[in-house]
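Trainee: Taken in sequence, the protein lines are chains F and G. Under our numbering, the first sequence has 104 at position 106, and the numbering climbs by one with no breaks. Under our numbering, the second sequence has 1173 at position 61, and the numbering climbs by one with no breaks. Here you go, one structure.
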Amino acid sequence: NAGVMQNPRHLVRRRGQEARLRCSPMKGHSHVYWYRQLPEEGLKFMVYLQKENIIDESGMPKERFSAEFPKEGPSILRIQQVVRGDSAAYFCASSLSGPLGNQPQHFGDGTRLSIL
Amino acid sequence: ILNVEQSPQSLHVQEGDSTNFTCSFPSSNFYALHWYRWETAKSPEALFVMTLNGDEKKKGRISATLNTKEGYSYLYIKGSQPEDSATYLCASPPHTGKLIFGQGTTLQVKP
């Protein structure tokens, strides 16, 4: 499968634990985006990364959330000390190029995060 | 803040009907307009990316038009089929590649 791969598909955490969500972009894509869908809401941008660089993190909550896209390996979205309000579907997307926004983004199947 | 608005929020049509929905976006600092189809339990799938005023794109029975001067795009589906049932999202990127999505139009096609 050459598409965007996200894992795990479902993740359950207790309040205060850490959640790590992984995303492997499509082959040849070096631009990765994370979006969040809260219950009953639309898709909201969180962060845009290129290899080893954060390009735009204007949608990331100021605390507890971080993202990286290392030179080797998948992109990771990390949520520390999770709270109930973090329960959502987190989608990763990748594209061939980024800054002009004129390339389609290819989405993974998402990670459904549930906080007990 | 970039606001992307879609209407209607939901639509029910009979199989064979043709339908269309609207996406409106700020016309200043326009870069591109994206349309995605999102079926339940699947991931959003790119339909079109349009960049030029007057652009028209077509994929099978689905087509889209773009007016960047007045800030709107239409998505048309000709002869709707039950498999067209999905949420259709439009999105516009501001100065970086991130997408600002509208709330979507949910289409139900009854056989």
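Note that the Cβ used here is the ideal one computed from N, Cα and C, for glycine as well. Keep in mind that this is a model prediction, so the values were computed, not measured.
With 7 Å as the C-beta to C-beta threshold (strictly closer), list the residues of the region 1120 to 1153 of chain G near chain F in chain order.
Mentor: Hits within the stretch, in order: Tyr1143, Ala1144, His1146.
Trainee: So what does G:Val1161 bridge to, in DSSP terms?
Mentor: G:His1146.
Trainee: Measuring only between beta-carbons, confirm whether G:Thr1208 sits less than 7 Å from chain F.
Mentor: At least one chain F Cβ lies under 7 Å of G:Thr1208.
Trainee: Can you name the start and end residues of the beta strand (DSSP E) that F:Met48 belongs to?
Mentor: According to the sequence as given, residue 48 of chain F is Gln; it is not Met. Run containing F:Gln48: 41 to 48, per the beta strand (DSSP E) assignment.
Trainee: Roughly how many whole angstroms lie between the Cα atoms of G:Asn1132 and F:Ala86?
Mentor: In a straight line, the C-alpha of G:Asn1132 is about 30 Å away from that of F:Ala86.
Trainee: Identify whether G:Glu1127 lies in helix, strand or coil by the three-state DSSP scheme.
Mentor: Reduced to three states, the DSSP call for G:Glu1127 is coil.
Trainee: Are three or more beta carbon pairs between the region 48 to 55 of chain F and the region 106 to 113 of chain F nearer than 8 Å?
Mentor: Contact between the region 48 to 55 of chain F and the region 106 to 113 of chain F is absent, because fewer than three Cβ pairs lie under 8 Å.
Trainee: The beta strand (DSSP E) with F:Arg7 in it runs from where to where?
Mentor: Premise fails: F:Arg7 is in no beta strand (DSSP E) and is neither H nor E.
Trainee: Kindly say whether F:Gly26, judged by its beta-carbon, lies nearer than 7 Å to any beta-carbon of chain C.
Mentor: This model lacks chain C altogether; the protein chains it does include are F and G.
Trainee: Would you please verify whether the beta carbon of F:Leu9 is less than 7 Å from any beta carbon of chain G?
Mentor: No, its Cβ sits nowhere closer than 7 Å to a Cβ of chain G.
Trainee: For the region 1177 to 1200 of chain G, list every residue whose C-beta sits within 8 Å of some C-beta in chain F, in sequence order.
Mentor: Of all residues in the region 1177 to 1200 of chain G, none has a Cβ within less than 8 Å of some Cβ in chain F.
Trainee: Out of F:His104, F:Asp107, F:Tyr88, state which residue places its alpha-carbon closest to the alpha-carbon of F:Lys42.
Mentor: Closest by alpha carbon: F:Tyr88.
Trainee: Out of G:Ser1192, G:Gly1191, G:Thr1163, point me to the one whose CA is closest to G:Ser1185's CA.
Mentor: For G:Ser1185, the nearest C-alpha among the options comes from G:Thr1163.
Trainee: Nearer than 6 Å: is that true of the beta carbon of F:Pro72 relative to any heavy atom of the ligand GDP?
Mentor: Among the components modelled here there is no ligand, and therefore nothing to report on the ligand GDP.
Trainee: Under DSSP, the beta strand (DSSP E) around F:Thr109 begins and ends at which residues?
Mentor: Taken as a continuous stretch (DSSP letters only), the beta strand (DSSP E) holding F:Thr109 covers 109 to 113.
Trainee: Please classify F:Gln103 as buried or exposed, where buried requires at least 16 neighbouring CB atoms within 10 angstroms.
Mentor: Flag for F:Gln103 reads buried.
Trainee: What residues in its chain sit with their C-beta under 6 Å from that of F:Gln78, if we drop five residues either side in the sequence?
Mentor: Closer than 6 Å at the Cβ level, and outside the excluded window around F:Gln78, lie Glu16, Arg62.
Trainee: Under the three-state reduction of DSSP, which class applies to F:Asp54: helix, strand or coil?
Mentor: Three-state result, F:Asp54: strand.
Trainee: Between F:Asn100 and chain G, is there a C-beta pair that is closer than 7 Å?
Mentor: True, the Cβ-Cβ gap to chain G drops below 7 Å.
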